[in-house]
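Colleague: So in UniProt numbering, spot 378 of the sequence shown is number 378, and the numbers just go up one at a time. Structure in structure tokens, see below.
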Amino acid sequence: MQEQVDAAGTSGDAPETVLAGLRAVHASGRTRTLEWRRRQLRGLERLLVERETEIAAALEADLGRPAFDAWFGDIVSTQGEIAHALRHLRSWMRPRRRGLPLVQLPGSARIQYEPLGVVLVIGPWNYPVYLSLGPLVAALAAGNCAVVKPSELAPATSALLARLLPRYVDPEAVVVVEGDGAVTQELLAQGFDHALFTGGTEIGRKIMAGAAATLTPVTLELGGKSPVVVAPDADLGVVARRVAWVKLMNSGQTCIAPDYVLVDRSVRDDLVRELRTAFEELGAERRDGLPIVNERQLDRLVAGLVATSGEVVMGGGADRARTTLEPTIVLEPGADESLMREEIFGPVLPVVSYGSVEEAVARVNAGDKPLALYVFSASRRWAEDVVAAVPAGGAVINHVAMHCLVPSLPFGGVGASGMGAYHGEWGFQALSHRKSVLVKPMRPDLRILYPPYDAKARALLRRLL
Ligand code: NAD
């Protein structure tokens, strides 16, 4: 455990006091060393191992999440990021030599990675540990101090992080501030060296607006409608199991959950049959409905189902008293209704048929650029063509969502689904400054390079430069 010191700023202090404390710690230089960074990452690693039961209990209280899902969604995912960073940090931190144009010789050039300073991490409620600590891994690996602002919609997890983090990482360098959007804006108004936000696209706009006043750079990890495009030759049983598995996870409240399915008309009914079977088998433990985070979100999902012109072929039952919704399949909803315009973020799966792959691609590209694109086909060429034709944050061929667990891949959106990326080295780079350093010797010091330039000097310089 870290030595307990009286932090200059703690969670209860005013934002300016918290910031002043963190800035002083950063200015002391102690967060820059490989050793300090590793100690913080190992602290996070220990937190997850030693407090797994408390974390699972908080997630159960906030989201009704079963302990195994807590382990899969929040714990092992974060551990993967930490282990990868610990393994590679030394090489990430190494300066990178760069070549020089002839005219700049003699000399040497390098890029050196430096901490940005104090980073603000703003977390969502849906994976409140992974999406607060994952960005913190990047911030600490890059040698920064950080304020972590977990979501107020997962209050037990937020309180747990506030209580535990100072015991496992340098309490003077990482401060948890609890609160809602107003608290977040107050923090942003102080000005940070970077803000990494995970949440909805609309709030993302407000974060960017709040950050603009102090020119705080932002990474925005947003949401959107991630489509699944299914070719007629795909193994429909596998498609259904993989899609249903991730759609049921956290009741579909996952940023990279498959949002809707586009399937070749010739196999639509076969796929729907397989999807029903998969939902029934994989969702057997929660046959009475899946927990939705709050009534407002449940009402939004139910309103989408009431308004749909599609056919509800499975589920649809909501229980307002228990805030649950059955796994639901909606066949052929209209392109203009809310189910097909807004991110679903719940256990509702629209299935829409297409006549040609061009039609499917045009349909996806008519909306905002998705956070993720999933393509299922027995033909690699067919799948690659769809991947190339659809701009999306990331893509997976023949599975869904798993790219998020590959720390060597940058994770982030594009367009309305996000700005910037993190995970692994990409997170280290996003939260480091790439300082360009050119080193020149004192000699030679060619007189010809300085004015006044005579005709001979001008001719030579024109040739050289
Ligand atoms: P949200 O945008 O409502 O809230 C996220 C955070 O923003 C919270 O900490 C909240 O306190 C804060 N916030 C709320 N209003 C604010 C305001 N006006 N100003 C400043 N901060 C404010 O998101 P959510 O409901 O917690 O999460 C769901 C959304 O997040 C979905 O759209 C989902 O797709 C997206 N998401 C994206 C990723 C990703 O990695 N790209 C991961 C998970 C969730």
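C-beta atoms are modelled at their ideal positions from N, C-alpha and C, and glycine is treated no differently. As the structure is a prediction and not an experimental result, all values here were calculated from the model.
Quick one: grab the DSSP three-state call for T184.
Modeller: Here residue 184 corresponds to residue number 184 of the sequence shown, with the count starting at 1. Helix.
Colleague: Can you give me the start and stop residues for the alpha helix (DSSP H) that A97 sits inside?
Modeller: Stepping through the sequence shown from its first residue, residue 97 is reached at position 97. Checking the sequence, you will find Arg at residue 97 rather than Ala. No alpha helix (DSSP H) contains R97, which is instead part of the beta strand (DSSP E) from 96 to 98.
Colleague: According to the Cβ coordinates, are F428 and W92 closer than 8 angstroms?
Modeller: If you number the sequence shown from 1, residue 428 lands on position 428. If you number the sequence shown from 1, residue 92 lands on position 92. Yes, these two residues count as a Cβ contact at 8 angstroms.
Colleague: Can you tell me where the beta strand (DSSP E) with G107 in it begins and where it stops?
Modeller: Counted from its first residue, the sequence shown places residue 107 at position 107. Per DSSP, G107 belongs to no beta strand (DSSP E) and is neither H nor E.
Colleague: Rounded to the nearest angstrom, how far is the Cβ of residue 466 from that of K440, given a contact under 8 angstroms?
Modeller: In the structure as shown, the chain starts at 1 and stops at 465, and residue 466 therefore has no counterpart that could be examined.
Colleague: Return helix, strand or coil for S432, following the three-state DSSP convention.
Modeller: As a working note, residue 432 is residue 432 in the sequence shown. Residue state, collapsed to three classes: strand.
Colleague: With the cut-off set at 8 angstroms, would you say C145 and V25 are in Cβ contact?
Modeller: Position 145 of the sequence shown, counting from 1, holds the residue named residue 145. Position 25 of the sequence shown, counting from 1, holds the residue named residue 25. Yes; because the gap between Cβ atoms is below 8 angstroms, this pair is in contact.
Colleague: Apply the 10 Å Cβ neighbour rule to F68 and answer buried if 16 or more other Cβ atoms are within range, or exposed otherwise.
Modeller: Position 68 of the sequence shown holds residue 68. Label assigned to F68: exposed.
Colleague: Along the chain, where does the alpha helix (DSSP H) containing S417 start, and where does it finish?
Modeller: Position 417 of the sequence shown, counted from the first residue, corresponds to residue 417. Segment: none, S417 is in no alpha helix (DSSP H) and carries neither H nor E.
Colleague: Among residues of its own chain, excluding the 5 on either side of I344, which ones have a beta-carbon nearer than 6 angstroms to its beta-carbon?
Modeller: For the purposes of this step, residue 344 is taken as the residue at position 344 of the sequence shown. Excluding residues within five positions, the ones whose Cβ falls inside 6 angstroms are D259.
Colleague: With C-beta atoms as the reference, is S436 less than 8 angstroms away from A231?
Modeller: If you number the sequence shown from 1, residue 436 lands on position 436. If you number the sequence shown from 1, residue 231 lands on position 231. No, the pair does not count as a contact, with Cβ atoms beyond the cut-off.
Colleague: Do N126 and the ligand NAD come close, with the Cβ less than 7 angstroms from some heavy atom?
Modeller: Here the question's residue 126 lines up with position 126 in the sequence shown. It does: the Cβ of N126 is within 7 angstroms (strictly closer) of some heavy atom of the ligand NAD.
Colleague: I need the boundaries of the alpha helix (DSSP H) containing L153, first residue and last residue.
Modeller: Here residue 153 corresponds to residue number 153 of the sequence shown, with the count starting at 1. Careful: L153 lies outside any alpha helix (DSSP H) and carries neither H nor E.
Colleague: Since K369 contacts P350 with CB under 8 angstroms, what's their CB separation in whole angstroms?
Modeller: Position 369 of the sequence shown holds residue 369. Position 350 of the sequence shown holds residue 350. 19 angstroms between Cβ atoms; not a contact.
Colleague: Within its chain, find whatever has a CB closer than 6 angstroms to the CB of V302; leave out the 5 residues flanking it on each side and keep chain order.
Modeller: As a position in the sequence shown, residue 302 is number 302, starting the count at 1. Taken in chain order, the residues that qualify are A318.
Colleague: Please report the residue range of the alpha helix (DSSP H) in which A257 lies.
Modeller: Along the sequence shown, read from residue 1 onward, the residue named residue 257 stands at position 257. Here A257 belongs to no alpha helix (DSSP H), and DSSP marks it neither H nor E.
Colleague: Alpha carbon to alpha carbon, how far is I75 from F279? Give it in angstroms, no decimals.
Modeller: By one-based count along the sequence shown, residue 279 stands at place 279. By one-based count along the sequence shown, residue 75 stands at place 75. Near 25 angstroms, if we compare the C-alpha coordinates of I75 and F279.
Colleague: I believe V119 touches D193 by the beta-carbon criterion, under 8 angstroms. Please report the beta-carbon distance rounded to the nearest angstrom.
Modeller: Taking the sequence shown and counting its residues from 1, the one referred to as residue 119 is at position 119. Taking the sequence shown and counting its residues from 1, the one referred to as residue 193 is at position 193. Right, the Cβ-Cβ distance comes to about 6 angstroms (below 8 angstroms), so this counts as a contact.
Colleague: Have a look at W71 and A56 and give me their C-alpha separation to the nearest angstrom.
Modeller: Walking along the sequence shown from the start, residue 71 turns up at place 71. Walking along the sequence shown from the start, residue 56 turns up at place 56. Spanning the two alpha carbons is a distance of roughly 7 angstroms.
Colleague: At what residues does the beta strand (DSSP E) containing E45 begin and finish?
Modeller: Counted from its first residue, the sequence shown places residue 45 at position 45. Not the beta strand (DSSP E): E45 falls in the alpha helix (DSSP H), residues 34 to 50.
Colleague: According to DSSP, D264 sits in a beta bridge with which residue or residues?
Modeller: Start at 1 with the first residue of the sequence shown, and residue 264 comes out as number 264. In DSSP, D264 forms a bridge with Y354.
Colleague: Quick check: what's the CA-CA separation for E35 versus V137?
Modeller: Stepping through the sequence shown from its first residue, residue 35 is reached at position 35. Stepping through the sequence shown from its first residue, residue 137 is reached at position 137. Rounded to the nearest angstrom, the two C-alpha atoms are 15 angstroms apart.
Colleague: Pull the bridge partners of F376 from the DSSP assignment, please.
Modeller: As a first step, residue 376 is located in the sequence shown; it is residue number 376 there, counting from the start. The partner list for F376 (beta bridge, DSSP) reads V230.
Colleague: Just the C-alpha distance for A372 and P444, rounded to the nearest angstrom, thanks.
Modeller: Translated into the one-based positions of the sequence shown, residue 372 becomes position 372. Translated into the one-based positions of the sequence shown, residue 444 becomes position 444. Spanning the two alpha carbons is a distance of roughly 55 angstroms.
Colleague: Taking the straight line between their C-alpha atoms, what separation do you get for A307 and A395?
Modeller: The residue labelled residue 307 in the question sits at position 307 within the sequence shown. The residue labelled residue 395 in the question sits at position 395 within the sequence shown. Whole-angstrom Cα-Cα distance: 31 angstroms.
Colleague: Taking 8 angstroms as the threshold, find out whether the segment 262 to 270 comes into contact with the segment 403 to 417 through three or more Cβ pairs.
Modeller: Because the criterion of three Cβ pairs below 8 angstroms is not met, the segment 262 to 270 and the segment 403 to 417 do not touch.
Colleague: When DSSP labels each residue in this structure, what does I55 get in the three-state scheme?
Modeller: Here the question's residue 55 lines up with position 55 in the sequence shown. Correct three-state label for I55: helix.
Colleague: Is it buried or exposed, K456, if we count other Cβ atoms within 10 angstroms and call 16 or more buried?
Modeller: Your numbering for residue 456 matches position 456 in the sequence shown. Exposed, since its Cβ has fewer than 16 Cβ neighbours within 10 Å.
Colleague: Nearer than 7 angstroms: is that true of the beta carbon of L222 relative to any heavy atom of the ligand NAD?
Modeller: As a working note, residue 222 is residue 222 in the sequence shown. Answer for L222: yes, Cβ within range of the ligand NAD.
Colleague: Does the Cβ-Cβ distance between L59 and R51 come in under 8 angstroms?
Modeller: In the sequence shown, residue 59 corresponds to position 59, counting from 1. In the sequence shown, residue 51 corresponds to position 51, counting from 1. Going by C-beta atoms, L59 is not nearer than 8 angstroms to R51.
Colleague: Touch check for the segment 152 to 162 and the segment 124 to 136: three-plus C-beta pairs under 8 angstroms?
Modeller: Contact holds: three or more Cβ-Cβ distances are below 8 angstroms.
Colleague: Evaluate V5 with the Cβ neighbour count: other Cβ atoms within 10 Å of its Cβ, from every protein chain shown; 16 or more gives buried, anything less gives exposed.
Modeller: The count along the sequence shown starts at 1 and reaches residue 5 at position 5. Its pLDDT being 42, under 50, V5 is placed unreliably in this model, and the coordinates cannot settle the point.
Colleague: Can you find the residues in the same chain that come closer than 8 angstroms, C-beta to C-beta, to A7, ignoring five residues on each side of it along the sequence?
Modeller: Along the sequence shown, one-based indexing puts residue 7 at 7. Low per-residue confidence applies at A7: pLDDT is 46, beneath 50, and the placement is therefore not dependable, though the value from the model is reported in the following sentence. Only G21, P166, P171, E172, V175 meet the Cβ criterion.
Colleague: What's the C-alpha gap between A142 and D13?
Modeller: In the sequence shown, the residue the question calls residue 142 occupies position 142. In the sequence shown, the residue the question calls residue 13 occupies position 13. Going by the C-alpha atoms only, they are around 25 angstroms apart.
Colleague: Determine the contact status of E332 and V312, defining contact as a CB-CB distance below 8 angstroms.
Modeller: Start at 1 with the first residue of the sequence shown, and residue 332 comes out as number 332. Start at 1 with the first residue of the sequence shown, and residue 312 comes out as number 312. Cβ atoms of E332 and V312: not closer than 8 angstroms.
Colleague: Do D368 and the ligand NAD come close, with the Cβ less than 7 angstroms from some heavy atom?
Modeller: Here residue 368 corresponds to residue number 368 of the sequence shown, with the count starting at 1. Checking the Cβ of D368 against the ligand NAD gives no.
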